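Numbering (this note's numbering), first residue to last: 144 to 479.
Even glycine gets a Cβ: it sits at the ideal position worked out from N, Cα and C.
Remember, predicted model here, so these are calculated numbers, not experimental data.
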């Protein structure tokens with residue numbers, strides 16, 4: 144029984160090979176043509192490079208009871224801290240980077256590069272040309288050369304979308320490692336932009352985490368400066384009054400001098416108290432400032448990340464081989 148099944152399989156293979164041999168001409172035409180067309184097609188697609196930078200919050204080995212509080216001071220919510228009121232936590236960093244405000248604020252030079260020097264395949268260029276023919280005129284009023292995230296022109300919106308496609312941010316939820324990947328046709332621009340996005344993200348998180356602490360510090364500095372001015376003014380008045388009435392023994396003069404001295408002392412106490420508040424605000428600002436450890440710096444890539452030209456050509460050629468083979472044995476398939 145087994146010999147019979149093996150014989151049938153051998154017959155089927157031989158039959159398939161015989162049918163394929165009958166269509167040898169189709170193979171000799173389809174495979175070289177597919178190979179050449181695939182080469183011409185993939186050569187029109189510009190090469191692109193990828194550069195990646197990785198960051199991590201600088202958290203040492205603390206006790207488990209205080210780990211959530213320590214992590215929250217760096218802008219991270221690792222659970223166990225219900226008092227943490229941060230509105231931006233690591234899971235939202237990708238959405239933050241893909242926002243118009245973040246993209247528009249990256250670099251105007253990169254915007255000009257994408258608008259004027261970015262390369263497209265010939266069919267994409269043709270599609271864009273046809274779209275421009277039938278597109279409605281852009282009626283957006285541009286009041287300044289700087290892009291407005293709230294009101295982008297059509298060209299600016301297309302460039303921003305292209306930037307969103309080129310810049311990606313991923314968060315490892317286990318250890319909160321931030322990976323910033325930039326894809327671009329120029330390796331130097333690719334690495335430079337990855338470093339720029341990394342710095343901008345750090346600045347944004349730092350500003351967000353320290354915004355209230357900075358306001359508190361400015362507030363106490365202003366109060367301390369006002370208190371110092373009042374203290375110095377009353378001290379000068381007290382000194383001048385004491386010098387002018389040094390030999391006067393009238394009780395009214397002595398009472399006024401005591402009042403001025405008491406007021407000077409109160410103002411001095413207020414000033415020293417506010418100075419202590421300033422120091423506390425400075426310490427709080429330092430605590431609220433997040434620290435990042437660079438695990439992997441952005442570097443200029445030496446090899447392109449894509450497109451995989453050889454794999455594409457081989458894949459298309461193999462696909463052509465499968466199509467011709469199916470066409471060759473179609474009668475056998477339908478007969479069964």
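Exposure of residue i, with buried meaning 16 or more beta-carbon neighbours within 10 Å
i	result
residue 298	exposed
residue 367	buried
residue 387	exposed
residue 247	buried
residue 344	buried
residue 270	exposed
residue 481	Residue 481 lies beyond the stretch modelled for the chain, which goes from 144 to 479, so this question has no answer here.
residue 472	buried
residue 353	buried
residue 156	exposed
residue 469	exposed
Residue i to residue j span [Cα, whole Å]
i	j	result
residue 526	residue 323	No answer is possible for residue 526: it lies beyond the span of the chain, which begins at 144 and ends at 479.
residue 159	residue 169	15 Å
residue 186	residue 441	28 Å
residue 408	residue 389	20 Å
residue 401	residue 359	35 Å
residue 267	residue 451	19 Å
residue 351	residue 262	37 Å
residue 421	residue 363	6 Å
residue 340	residue 449	22 Å
residue 209	residue 294	In this predicted model, residue 209 has a pLDDT of only 43, less than 50, meaning its place in the structure is not dependable; the value taken from the coordinates is given anyway. Residue 209 and residue 294: Cα-Cα distance of roughly 45 Å.
residue 258	residue 249	15 Å
residue 445	residue 342	23 Å
residue 464	residue 347	54 Å
residue 411	residue 379	13 Å
residue 447	residue 244	30 Å
residue 272	residue 265	11 Å
Residue closest to residue i, alpha-carbon to alpha-carbon, out of the options
i	options	result
residue 455	276, 181, 156	181
residue 466	157, 158, 163	163
residue 188	417, 317, 327, 274	327
residue 260	233, 302, 246, 296	302
residue 356	416, 423, 365	423
residue 383	252, 272, 399	399
residue 240	171, 292, 312, 256	312
residue 371	331, 417, 361, 394	417
residue 330	376, 165, 190, 176	190
residue 437	396, 415, 475, 319	319
8 Å contact criterion, which residue i and residue j should meet: CB distance rounded
i	j	result
residue 413	residue 349	That belief does not hold up - the Cβ atoms of residue 413 and residue 349 are roughly 32 Å apart, past 8 Å.
residue 310	residue 236	12 Å between Cβ atoms; not a contact.
residue 404	residue 381	6 Å
residue 334	residue 443	4 Å
Below-8 Å beta-carbon distance, residue i vs any chain B residue
i	result
residue 440	Considering every chain present, this structure includes no chain B. It has just one protein chain.
Does the region 454 to 465 come close enough to the region 189 to 196 that 3 or more CB-CB pairs lie under 8 Å? Three or more Cβ pairs closer than 8 Å define a contact, and the region 189 to 196 falls short of that threshold against the region 454 to 465.
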